[in-house]
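A.B. asks: The structure's right below; bear with me while I get my questions together.
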Amino acid sequence: MKRSRLFLILIIILLLINAVFFTAWYGLGLKNRLKGYIEGLAGNALGGKLEIKTYNLGDRQVYAEGVSFAAADSSMSFKVDNLRVRYDLFKFIFSGFRIKHLMSDIEINSPRMSLFIRPSKKAKKPPSRF
C-alpha cells in the first residue's frame, strides 16, 4: 500500500512538471525566445546573421527548416531547407558529460552556398617573360 501511494505521488509530480513545461513552451512563448537566443548566439559566433524559419525539439532530435546564414560583410551565405540533428542524452550523461558523445547523426538536406569573391582594387603587373 505504501509503495503504490509513493508511485502515485511520483506520477502526479511528473504530470505537473510536464504541464508547467508545456504551458511555458507554447503559452508563454518559450519556444520563440529559445529560437531568438540560438539565432543570436550562433550568429555572433559565426560572425553574421543566422535565421531559422521553424524548428521542433524532441527527446532525441532537433529538426529545423529554413536555416539561412549571411556573413556580416556579405562575402558568404548559405541556406539549408531541412536540418536534422540527432542526439543521445543518456549516452551524454552516462559518459561523464563529454561533448563527443552527445550528437550521433547530422542530416542536411538541400544545402545551397554562395561565396562572393571581390577582386582587389590594385592592378597586378603581369609577370616578366624572362
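Going by the numbering used here, the first residue of the sequence shown is number 8, and it counts up by one from there.
We put the beta carbon where it would ideally sit given N, CA and C, even for glycine.
Can you tell me whether F76 is helix, strand or coil according to DSSP?
C.D. replies: Note: F76 maps to strand in three-state DSSP.
A.B. asks: For my contact list, V92 and I113 are in at a C-beta cut-off of 8 Å; report their separation, rounded to the angstrom.
C.D. replies: Between I113 and V92 the Cβ distance is about 5 Å, and since that is below 8 Å, they are a contact.
A.B. asks: On a CA-only basis, which of F123, A49 and D95 is nearest S82? Give me that one, please.
C.D. replies: F123
A.B. asks: Is it buried or exposed for V27, if we count other Cβ within 10 angstroms and need 16 for buried?
C.D. replies: exposed
A.B. asks: Does the segment 29-37 touch the segment 51-62, meaning 3 or more C-beta pairs lie closer than 8 Å?
C.D. replies: These segments do not touch.
A.B. asks: In terms of residue numbering, what span does the beta strand (DSSP E) encompassing K38 cover?
C.D. replies: No beta strand (DSSP E) contains K38, which is instead part of the alpha helix (DSSP H) from L37 to L53.
A.B. asks: Let me know the secondary structure DSSP gives F28 once reduced to three states.
C.D. replies: DSSP places F28 in helix when its eight states are reduced to three.
A.B. asks: Determine the contact status of A77 and N89, defining contact as a CB-CB distance below 9 Å.
C.D. replies: no
A.B. asks: If we call anything under 9 Å between Cβ atoms a contact, is R67 one with Y94?
C.D. replies: yes
A.B. asks: Since I59 sits in a beta bridge, which residues does DSSP pair it with?
C.D. replies: V74
A.B. asks: Is it true that the CB of S84 sits closer than 9 Å to the CB of K98?
C.D. replies: no
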